[in-house]
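If you number the sequence shown the way the numbering used here does, the last residue is 533 and the count never jumps.
Note that beta-carbon positions come from the ideal geometry of N, C-alpha and C, so glycine has one too.
Data block below; observations after.
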Amino acid sequence: MDQLATIPFVSGGAPLAAEAAEESTLGRIEATINAAFEPIAQGLGDFVFAEISVFGITFPWIVAWLVLAGAVFTLYLGFIQVRGLKLAMQVVRGKHSKDSDPGEITHFQALSSAVSGTVGLGNIAGVGVAVTIGGAGATFWMVLCGLLGMASKFVECTLGVRYRDHHSDGTVSGGPMQYLSKGIAERLHGAGGKLVGRVLAVLAAIMILFFGIGGGNMFQANQTVSQIRNVTGGEDGPLAGGGSALILGIVLAVVVGAVIIGGIRAIGKVTSRLVPAMALVYITACMIVILFNITEVPAAFGEIFAGAFTGEGVVGGVIGALIVGFTRAAFSNEAGLGSAPIAHSAVKTRHPASEGHVALLEPFIDTVVVCTMTALTIVIANSQVWNDAKAAYFADGETIDGVTVTSSAFETALPWFPIVLTLAVVLFAISTMITWAYYGQKAWTYLFGKSKFSERSYQLMFCTFIVIGSVLTFGSVLDFTDAVLFLLALINIIGLYLLAPVVKKELARFRTALRTGDERDTRETVDEVV
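So, in C-alpha cells, the structure goes:
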C-alpha cells in the first residue's frame with residue numbers, strides 16, 4: 004500500500020497534455036467522476052489530515068495518533084519488539100507449529116502475504132522525498148517510527164487470530180471486523196457493547212473495501228502501466244498508443260485474477276515466492292550501489308545520526324519522516340491501520356500471540372531494512388541530487404519527485420537501473436494488488452455474506468477495476484480512499500486500546516505454553532465454526 008502524492012497519476016498510463024486530456028473521452032469521464040468525489044474527498048481529507056502543532060512542528064494529527072499508539076504499546080508490552088525478536092524468528096521458521104493447527108497457511112506464508120501488501124512504491128519514492136525534505140537525519144526518525152510500529156502490529160495481529168472465525172469449509176476470516184465486533188462486545192458487556200462493536204466493524208469493512216478498490220488496486224495498476232511505458236520510450240515508445248494501457252490492464256487483471264481465485268492458500272504460495280524475489284532484486288541493487296561507494300558508508304552513517312539531532316534534522320527529519328516518510332513510506336508498513344491482521348489471521352496456530360510475534364517482523368522488514376537501504380543508497384550515492392531537490396523545494400515550493408531522486412542515486416553505479424526499477428514496480432504492484440484483493444474480499448463477505456457467488460462477484464469487480472485503473476486516473480477517488488484508510492486507523496486503534504489486556508493475557512499464555520511444553524489451547528474461540 005503506497006499512495007504517493009508526489010507520483011503523478013496519468014490517464015492511459017502515460018502523461019498527456021492538459022488540453023488533450025480534457026478533449027478525450029477518458030478525460031471527460033475522469034473529470035466527471037473527480038467532480039463528484041472532490042467535495043467528499045476534500046471534506047474527509049480536511050478532517051483526517053488536519054494538522055496540529057507540537058513544539059513548533061506542524062503535522063497531521065493522524066500521524067501523532069499512530070506514533071502515540073506505537074509508543075504506548077511498546078511500554079505496555081515491555082518492549083516486545085526487542086525481547087520477542089528471537090522468538091519471532093523461531094516461529095516464522097515453523098519451530099513451534101504443527102500441521103494439525105487450525106488455519107490455512109504457514110507463519111511464513113502469512114508474513115509474506117502481509118509484507119506483499121506493504122512493501123511497495125513508498126519504499127522507493129517515499130524515502131527519496133523524506134530524505135530530500137529532512138536531510139540524511141530523516142532516516143533515523145523513519146527507523147524509530149518503524150520500531151514503534153512493530154508493537155502496534157503485534158497487538159492487532161494477535162487480536163486478529165484471537166477473534167477470527169472458522170468456517171465449515173475450513174477457511175478462516177479475521178481482522179478488525181471480527182475483533183472490533185466480538186472483542187468490544189466481550190469487553191463492554193450488554194447490548195450497548197454489541198452495538199458499538201458491530202458499528203465499528205461495519206465501518207472498518209467499508210473503509211477497507213473502498214481502499215482495496217482505489218489505493219490497493221487502481222493506483223497500483225495505473226503506476227505499473229505508467230512505469231512500463233516510460234521505460235519503453237514514453238510517448239515515442241512502442242506502448243504509446245491509446246490501446247496499450249487497456250491491453251496491459253487486461254494482462255494485469257488476468258494475472259491477479261488467476262491468483263486470487265485460489266484464495267489465501269494460493270495467495271500464500273505465490274507471495275512466499277514473490278516477496279523474497281522482489282526483495283532480492285531490490286536489496287541486491289542497493290548493495291551494488293553501496294559496494295561501489297563502500298568508502299562513503301561510515302560518513303553516511305555519521306551524517307544520518309548527526310543530522311537527526313541538529314536543528315534541521317529534528318525539524319526537517321520529523322517533518323520528512325513522519326509527514327512524508329512515515330505517512331508515505333514507513334506508513335507503508337500499515338502498523339495500526341488494521342489491514343495486515345486480515346492476512347495474519349489465516350495462519351495455522353493455536354496461540355494468537357505466536358502470530359503476533361511473526362507480525363512484528365513486518366515493520367522491521369519494510370521500514371528498518373528496506374527503507375533504510377534505500378535511504379543509505381541515496382545518501383552515499385549522489386548527495387547532490389537530493390540536495391538540489393531540497394533547495395528547490397524550500398526555495399520555490401517545487402514538487403519533489405521521489406522516484407527521480409532514488410533512481411538518480413542508483414544510476415551513479417547502475418546506468419541500467421530504470422529497468423530494475425520497472426521490474427521492482429511491477430512486482431511490488433502485483434503483490435500489493437493480490438494482497439489487497441484478499442483484504443477487500445474479507446470486507447466484502449463480512450458485509451454481504453460468504454458464498455461462492457458473493458466471492459466471485461467481488462473478484463470480478465476487483466479485476467475490472469484493475470483495467471479501469473490502467474486507463475483512467477480518478478484522482479479525487481484515490482484521494483478519498485487514501486483518507487478513508489487513515490480514518491480506519493482512528494477506529495482500529497480505539498479498539499486496540501480497549502483490547503490490549505486481552506493481548507497481554509495471550510502473550511502470557513503463549514510463553515507459559517512454551518515453558519511447560521504444553522501448547523494445547525482448548526478455548527472455545529479456537530474451534531468455533533460459523
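*Going by C-alpha distance, which of ARG518, GLY520 and ILE497 is nearest PRO179?*
Measuring from the Cα of PRO179, the nearest candidate turns out to be ILE497.
*Starting from TYR79, follow the alpha helix (DSSP H) in both directions and report where the run begins and ends.*
Counting along the chain, the alpha helix (DSSP H) containing TYR79 begins and ends at 64-79.
*Taking C-beta to C-beta, are ALA446 and GLY215 nearer than 8 Å?*
Yes, they are a contact pair.
*Do you know how far the Cα of SER473 is from the Cα of SER434?*
Between SER434 and SER473, the C-alpha separation is close to 16 Å.
*Taking the Cβ atom as the reference point for each residue, do PRO355 and LYS156 lie within a distance shorter than 8 Å?*
Result no, Cβ atoms of PRO355 and LYS156 do not sit closer than 8 Å.
*What runs of the alpha helix (DSSP H), each 4 residues or longer, lie entirely inside the stretch 143-200?*
List check, alpha helix (DSSP H) in window: 187-190.
_If I measure Cβ to Cβ from LEU450 and keep anything under 6 Å in the same chain, skipping five residues before and after, which residues do I get?_
Result list for LEU450: ALA208, in chain order.
*Buried or exposed: where does ARG86 fall if 16 or more other Cβ atoms within 10 Å of its Cβ makes it buried?*
Counting Cβ neighbours within 10 Å, ARG86 comes out exposed, since fewer than 16 surround it.
*Is the stretch 341-356 touching the stretch 134-142 in the sense that three or more CB pairs, one from each, lie closer than 8 Å?*
No, the stretch 134-142 is not in contact with the stretch 341-356.
*Would DSSP call ILE264 helix, strand or coil?*
Three-state DSSP puts ILE264 in coil, outside helix and strand.
_Taking the alpha-carbon of ILE114 as reference, which of GLY341, VAL278 and LEU90 has the nearest alpha-carbon?_
Note on identity: in this sequence residue 114 is Leu, with Ile being the wrong assignment. Minimum Cα distance to LEU114 is reached at VAL278.
_Spatial neighbours of VAL258 within its chain, please: C-beta separation below 7 Å, excluding the five flanking residues on both sides._
Cβ contact annotation for VAL258 (same chain, cutoff 7 Å, sequence separation greater than five): ILE433, in chain order.
*asked:* According to DSSP, is GLU107 part of a helix, a strand, or is it coil?
replied: Per DSSP, reduced to three states, the secondary structure at GLU107 is coil, with no helix or strand assignment.
*So what's GLU54 in DSSP terms, helix, strand or just coil?*
Note: GLU54 maps to strand in three-state DSSP.
*asked:* Quick check on this structure: which residue in HIS347, GLY359, PRO418 and SER454 has the alpha carbon closest to the alpha carbon of GLN112?
replied: The candidate whose alpha carbon is nearest that of GLN112 is HIS347.
*Which residues in the same chain have their Cβ closer than 6 Å to the Cβ of VAL51, if we skip the five residues on either side of it in sequence?*
In the same chain as VAL51, and ignoring 5 residues on each side of it, the C-beta atoms closer than 6 Å to its own belong to ILE65, ALA486, PHE489 and LEU490, in chain order.
*When the Cα atoms are used, what is the spatial distance from SER410 to CYS466?*
Put simply, the backbone Cα of SER410 is about 30 Å away from that of CYS466.
_Bridge partner(s) assigned by DSSP for VAL350_ = According to DSSP, which records beta bridges pairwise, VAL350 is partnered with ILE108.
*Determine the closest residue to PHE222 out of PRO344, LYS507, VAL429 and LYS508, with distance taken between C-alpha atoms.*
Closest by alpha carbon: VAL429.
*Quick one: what's got a C-beta closer than 8 Å to THR375's C-beta in the same chain, skipping five residues either side?*
For THR375, where only same-chain residues beyond five positions count, the Cβ hits under 8 Å are THR142, MET145 and VAL146.
*Let me know the secondary structure DSSP gives ASP102 once reduced to three states.*
In the structure shown, ASP102 adopts coil according to DSSP, grouped into three states.
*Boundaries of the alpha helix (DSSP H) in which THR415 is found, first to last residue*: In this chain, THR415 is not harboured by any alpha helix (DSSP H), its DSSP state being neither H nor E.
*Alpha carbon to alpha carbon, what distance is there between GLN226 and PHE477?*
Their backbone Cα atoms lie some 13 Å apart in a straight line.
*asked:* Classify VAL372: buried if its beta carbon has 16 or more other beta carbons within 10 angstroms, exposed otherwise.
replied: Per the 10 Å Cβ criterion, buried.
*Please report how far the alpha carbon of ASP172 lies from the alpha carbon of GLY265, in whole angstroms.*
Cα to Cα, the separation comes out at about 14 Å.
*Name the two residues that bound the continuous alpha helix (DSSP H) containing GLU337.*
Following the DSSP letters along the chain, one finds GLU337 in no alpha helix (DSSP H), marked with neither H nor E.
_Boundaries (first-last residue) of the alpha helix (DSSP H) holding PHE304_ = First-last of the alpha helix (DSSP H) with PHE304: 300-311.
*From ALA304 to ILE293, what distance separates their C-alpha atoms?*
The question names Ala, yet the displayed sequence has Phe at residue 304. If you take the alpha carbons of PHE304 and ILE293, they lie about 12 Å apart.
*Reduced DSSP secondary structure (H/G/I, E/B, other) of LEU88*: Correct three-state label for LEU88: helix.
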